[in-house]
Structure formats: structure tokens, C-alpha cells
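See structure below.
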């Protein structure tokens, strides 16, 4: 799989009622997708955003973070204190059990 999986943790920055309603409509899916998915705490203060971004042969973690940030900001929700965790799926090897 030529992609990066990026998890962004952060806090919403003065999320208004319209923002809360938009977030509630997005659901709390745990899947990785190019559009990204949110989960959040009960008070809707802290969040986790998961997204998957395509990887070109020369792309690195910096490119993945930038594309994930674009996906996050496309949702239009104010946020701050962002922390990124990037996994390059090209480097993940699956060990299968021998039968």
C-alpha cells in the first residue's frame, strides 16, 4: 500500500455550536480515509483525527504531515496544539504464519 497513515491529536479552539453540530454529523468512525475522521472527548475539547494520504515514491514524513494538515483544515473546524504521528505503510511488513 503506497500511503501514509497520519494521526493528528489536538484541541478544538473555541468551537461554536455550528462547529459542534458539524462534528456530530461526521460521526466517530475510527477508519483511516483520505477525507479523515474525527473522534473526540466528551467535552468536545480534545480530538483525534485519522487520515490516509497517498504516497509517491519520493514522499517523506514532512509531505505526509502537510497533506494531513490540509485534510484536517478542509473540515473548517478551529484547532490548535497539534501533534502528528505518521506511519509509512510502504515500510510495514506483514508476517504471515506458516502452515
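In this note's numbering, the protein residues as written are 449 to 547.
Quick reminder that beta carbons are idealized off the backbone N, C-alpha and C, glycines included.
Here the structure is a predicted model, which means the values were calculated and not measured.
DSSP state of residue i, grouped into three classes?
i	result
residue 511	helix
residue 466	helix
residue 474	helix
residue 494	strand
From residue i to residue j, what distance separates their C-alpha atoms?
i	j	result
residue 497	residue 506	25 Å
residue 527	residue 543	38 Å
residue 509	residue 536	8 Å
residue 534	residue 524	22 Å
residue 474	residue 503	25 Å
residue 471	residue 513	22 Å
residue 464	residue 489	16 Å
With C-beta atoms as the reference, is residue i less than 8 Å away from residue j?
i	j	result
residue 519	residue 484	yes
residue 480	residue 486	no
residue 531	residue 459	no
residue 522	residue 454	no
residue 451	residue 511	no
Report the partner residues of residue i according to the DSSP bridge assignment.
i	result
residue 521	DSSP output for residue 521 lists no bridge partner at all.
residue 569	Residue numbering for the chain in the displayed model covers 449 to 547; residue 569 lies beyond these limits and cannot be assessed.
Whole-angstrom Cβ separation of residue i and residue j, contact assumed at under 8 Å?
i	j	result
residue 457	residue 492	No, residue 457 and residue 492 are not in contact; Cβ-Cβ is about 14 Å, not under 8 Å.
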